[in-house]
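Participant:
Numbering (this note's numbering), first residue to last: 1039 to 1678.
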């Protein structure tokens, strides 16, 4: 579609330029007092008419639609300005006055078409990111059907198909490995250049590259449901969206056009009645209508948004709309959920402290058996530790999760509690004897889980989550940018502060229950802050929605990514720094564009009103303003 538009505009421009060139040349012959076929009024009329009404029809159609909708856009100014020059020339031809302005109407349309061609080409370039993504998916897939391998069209792949991928091939659709293993290059999604090891049971993404080994996988997502398709749709939606600053520009244009028409009418009447010069009045009025054409104003925001969101996609940053890009620019506070964002989200058991006669292995066996029914990452870490030690892990008789506290269960007829101090307090169990050990573990930034059997504390298991490699660096950069950084966690105050200290965060929101995260974000907003929230889990989704800007780590859940405004396909926090820098750069570009757009108009209109600009020069200046705005937006493509 974009290619057809560019081709149509180029064709219209070339034809218009061929017809306008003789008219433009005739102006110089006329000024030199030399008469020839080019200066003949009827010859000029023949050349100008198709430019005005056939090639220029798009402007009349646009003006009609705008006026019918109760507004007035730049097409109204173009249609009025060129028509005034054209029909005034016909009037002079009719009464025998050899002063024609056909070249003004034709050249203005030609120059505007040139500007629109540049605009269309620029928009085409901003869609390169989408084209690259769409080109990543293979055209065929090698599936196993009826016991044999066969190559089929990618559109014919269905969920449940088992697909074979050889080394060096792109994975055709999303799925789960059922046989074999490999290292997958997922740089097109995450931007991470190091291949990721994958084995049976792990997910693969369509469009990524199988670097080593042959494997088979079962298709789980095809067509529009694939991760790649969702990314393409997200980028397309963002590039077609409007930022609030663009809606402001649209409102200004709606007021600006009638004002310009009024200035043109006053100029014409002034020269006609006071200066007694009809020709000068019309020419100056036409020049005003042309120089004031708000093409550059209309291009200022959308071109920058398109380039900015496209550049974001190239860097693994998916921005839902221009509005969210603008909000990120205004953000002054950012809140990080701890697990899976600042930390890896892969906790490991670090300490097992048994009390009384119960040994460490028995304590771990009980905890692992109970936690087997839990989906909590800390519980899963205990289960993994038990499996590593080859302990006998069965199933509890009953299991109940207590959000923000821990769990309660019955195992082998005994009541089991695993959790924090709040859970123990809930069951009136004193933690006094274990406080010294709890304090030591928490000071080391570990999450200590107390294990009580039949209302008696029998031990502590501590779990720690490793910091992501660049968490400290990213947070320092955010602070250097002037952002206030918070860490939000369900951990107790001491553990939370120990972890926050490691990454340089001073503001800590500890012991926050999952259901209260959104409320905490709202409280910070109530202090007049523009808040960004970073999370990766299902329980982060309400807080992501509550924030002015929600950032989802792409390695997290689909629910979090759906709730977020900006999705970071890489798992590291430096992507947040890049996203905020990109928002600042894009908004700076928009402000520059708007300044130059208004500058051209505010300077050009007085010059035209007092006769210092003829319509052709005005048309050239207007076209140049559009080209300069588009060129400035394209500089965003150099963003790194």
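We put the CB at the ideal spot given by N, CA and C, even for glycine.
As the structure is a computational prediction, the values presented were derived from the model and not from experiment.
If you reduce the DSSP assignment to three classes, tell me which class residue 1124 lands in.
Facilitator: Locating residue 1124 in the chain shown gives position 86, where the first residue counts as 1. If DSSP states are grouped into helix, strand and coil, residue 1124 belongs with the helices.
Participant: Give the secondary structure of residue 1484 by DSSP, where H, G and I count as helix, E and B as strand, and everything else as coil.
Facilitator: Position 446 of the chain shown holds residue 1484. Collapsing the DSSP output to three states places residue 1484 in coil.
Participant: Go ahead and label residue 1312 buried or exposed: buried means 16 or more other beta carbons lie within 10 angstroms of its beta carbon, across all protein chains shown.
Facilitator: Translated into the one-based positions of the chain shown, residue 1312 becomes position 274. Residue 1312 is exposed by the Cβ-count criterion.
Participant: Ignoring anything shorter than 4 residues, give me the alpha helix (DSSP H) runs that lie fully in the region 1361-1421, in order along the chain.
Facilitator: 1398-1409
Participant: Which one of 1389, 1396, 1175 and 1530 has the shortest CA to CA distance from residue 1420?
Facilitator: In the chain shown, counting from the first residue as 1, residue 1420 sits at position 382. Among 1389, 1396, 1175 and 1530, the Cα nearest to that of residue 1420 is on 1389.
Participant: If distances are taken between C-alpha atoms only, which option among 1462, 1424 and 1236 comes closest to residue 1440?
Facilitator: As a position in the chain shown, residue 1440 is number 402, starting the count at 1. Checking every option, the nearest Cα to that of residue 1440 belongs to 1462.
Participant: Excluding the five sequence neighbours on either side, which residues of its own chain have a C-beta within less than 8 Å of the C-beta of residue 1122, listed in chain order?
Facilitator: Numbered from its first residue, the chain shown carries residue 1122 at position 84. Closer than 8 Å at the Cβ level, and outside the excluded window around residue 1122, lie 1320, 1323, 1324 and 1327.
Participant: Decide yes or no for the touch test of the region 1621-1636 against the region 1357-1376: beta carbon pairs closer than 8 Å, at least 3 of them.
Facilitator: yes
Participant: Taking the alpha carbon of residue 1293 as the point to measure from, which residue in 1581, 1111, 1478 and 1213 has its own alpha carbon closest?
Facilitator: As a position in the chain shown, residue 1293 is number 255, starting the count at 1. Of the listed residues, the one whose Cα sits closest to residue 1293 is 1111.
Participant: Give the single residue among 1535, 1346 and 1578 whose Cα lies nearest to the Cα of residue 1670.
Facilitator: Your numbering for residue 1670 matches position 632 in the chain shown. Measuring from the Cα of residue 1670, the nearest candidate turns out to be 1346.
Participant: With three or more beta-carbon pairs closer than 8 Å as the criterion, would you say the region 1370-1384 touches the region 1526-1543?
Facilitator: Enough Cβ pairs lie closer than 8 Å, so yes.
Participant: Does the beta-carbon distance from residue 1342 to residue 1628 come in below 8 Å?
Facilitator: Counting from one through the chain shown, the residue named residue 1342 turns up at place 304. Counting from one through the chain shown, the residue named residue 1628 turns up at place 590. Yes. Within cutoff.
Participant: For the 8 Å Cβ check, are there 3 or more pairs between the region 1638-1657 and the region 1124-1135?
Facilitator: no
Participant: Which of helix, strand or coil does DSSP assign to residue 1177?
Facilitator: As a position in the chain shown, residue 1177 is number 139, starting the count at 1. Of the three classes helix, strand and coil, the one that applies to residue 1177 here is coil, per DSSP.
Participant: Counting C-beta neighbours from all protein chains within 10 Å, is the total for residue 1535 16 or more, i.e. buried, or is it exposed?
Facilitator: Taking the chain shown and counting its residues from 1, the one referred to as residue 1535 is at position 497. Classification for residue 1535: buried.
Participant: Is residue 1434 closer than 8 Å to residue 1411 when the C-beta atoms are compared?
Facilitator: Taking the chain shown and counting its residues from 1, one reaches residue 1411 at position 373. Taking the chain shown and counting its residues from 1, one reaches residue 1434 at position 396. Contact flag set, yes.
Participant: For residue 1381, which residues of its own chain have a beta-carbon under 8 Å away from its beta-carbon, when the five flanking residues on both sides are left out?
Facilitator: The sequence position of residue 1381 within the chain shown is 343, counting from 1. Closer than 8 Å at the Cβ level, and outside the excluded window around residue 1381, lie 1503, 1504, 1505, 1506, 1509 and 1537.
Participant: Any idea what DSSP makes of residue 1448, helix, strand or coil?
Facilitator: On the chain shown, residue 1448 is found 410 positions in, with the first residue counted as 1. Strand, per DSSP.
Participant: How many whole angstroms separate the CB atoms of residue 1329 and residue 1660, which I take to be in contact at a CB cut-off of 8 Å?
Facilitator: The sequence position of residue 1329 within the chain shown is 291, counting from 1. The sequence position of residue 1660 within the chain shown is 622, counting from 1. So it is a contact: roughly 6 Å between Cβ atoms.
Participant: Who pairs with residue 1570 in a beta bridge, going by DSSP?
Facilitator: Counting from 1 along the chain shown, the entry for residue 1570 is found at position 532. According to DSSP, which records beta bridges pairwise, residue 1570 is partnered with 1372 and 1587.
Participant: On the premise that residue 1061 lies in contact with residue 1082, defined as a C-beta separation below 8 Å, what is that separation, rounded to the nearest angstrom?
Facilitator: Within the chain shown, numbered from 1, the residue matching residue 1082 stands at position 44. Within the chain shown, numbered from 1, the residue matching residue 1061 stands at position 23. Yes, residue 1082 and residue 1061 are in contact; Cβ-Cβ is about 6 Å, under 8 Å.
Participant: On a Cα-Cα basis, can you pick out the residue from 1475, 1395, 1443 and 1428 that is closest to residue 1417?
Facilitator: In the chain shown, the residue the question calls residue 1417 occupies position 379. Selected option, being the one with the closest Cα: 1443.
Participant: Let me check one thing: in DSSP terms, what residues is residue 1183 bridge-paired to?
Facilitator: Mapped onto the chain shown, residue 1183 falls at position 145. Per DSSP, 1186.
Participant: What does the alpha-carbon distance come out to for the pair residue 1472 and residue 1515?
Facilitator: The residue given as residue 1472 occupies position 434 in the chain shown. The residue given as residue 1515 occupies position 477 in the chain shown. C-alpha separation (whole angstroms): 39 Å.
Participant: Tell me whether residue 1426 sits in a helix, a strand or coil according to DSSP, three-state version.
Facilitator: By 1-based counting over the chain shown, the position of residue 1426 is 388. DSSP places residue 1426 in helix when its eight states are reduced to three.
Participant: Is the beta carbon of residue 1431 closer than 8 Å to that of residue 1495?
Facilitator: Working through the chain shown from its first residue, we reach residue 1495 at position 457. Working through the chain shown from its first residue, we reach residue 1431 at position 393. No. Outside cutoff.
Participant: Return the chain-ordered ranges of every beta strand (DSSP E) run that is complete within the region 1066-1090 and spans a minimum of 3 residues.
Facilitator: Uninterrupted beta strand (DSSP E) stretches at least 3 residues long and entirely within the region 1066-1090 do not occur.
Participant: Should the region 1403-1410 be called in touch with the region 1448-1467, which here means at least 3 C-beta pairs below 8 Å?
Facilitator: yes
Participant: Could you compute how far the alpha carbon of residue 1178 sits from the alpha carbon of residue 1251?
Facilitator: One-based indexing of the chain shown puts residue 1178 at position 140. One-based indexing of the chain shown puts residue 1251 at position 213. Approximately 19 Å between the Cα atoms of the pair.
Participant: So, for residue 1164: in the same chain, excluding its five sequence neighbours on each side, which residues have a beta-carbon less than 6 Å away from its beta-carbon?
Facilitator: Position 126 of the chain shown, counting from 1, holds the residue named residue 1164. Residue confidence is low: residue 1164 scores 48 on pLDDT, short of 50, so the model does not pin down where it sits. Its coordinate-derived value is still stated next. Scanning its chain for C-beta atoms nearer than 6 Å, with the 5 sequence neighbours on each side dropped, one finds around residue 1164 the residues 1344, 1345 and 1348, in chain order.
Participant: Considering only their Cβ atoms, is the gap separating residue 1589 from residue 1607 smaller than 8 Å?
Facilitator: Counted from its first residue, the chain shown places residue 1607 at position 569. Counted from its first residue, the chain shown places residue 1589 at position 551. Contact flag unset, no.
Participant: Are the beta-carbon atoms of residue 1215 and residue 1249 separated by less than 8 Å?
Facilitator: As a working mapping, residue 1215 is identified with position 177 in the chain shown. As a working mapping, residue 1249 is identified with position 211 in the chain shown. Their beta carbons are not under 8 Å apart, which means residue 1215 does not touch residue 1249 by this criterion.
Participant: According to DSSP, residue 1524 sits in a beta bridge with which residue or residues?
Facilitator: By 1-based counting over the chain shown, the position of residue 1524 is 486. DSSP output for residue 1524 lists 1373 and 1545 as bridge partner(s).
Participant: Using the three-state DSSP reduction, which class does residue 1578 fall into: helix, strand or coil?
Facilitator: Along the chain shown, one-based indexing puts residue 1578 at 540. Helix.
Participant: Tell me the residue span of the beta strand (DSSP E) that contains residue 1213.
Facilitator: Sequence index remark: in the chain shown, residue 1213 carries index 175 (1-based). First-last of the beta strand (DSSP E) with residue 1213: 1212-1217.
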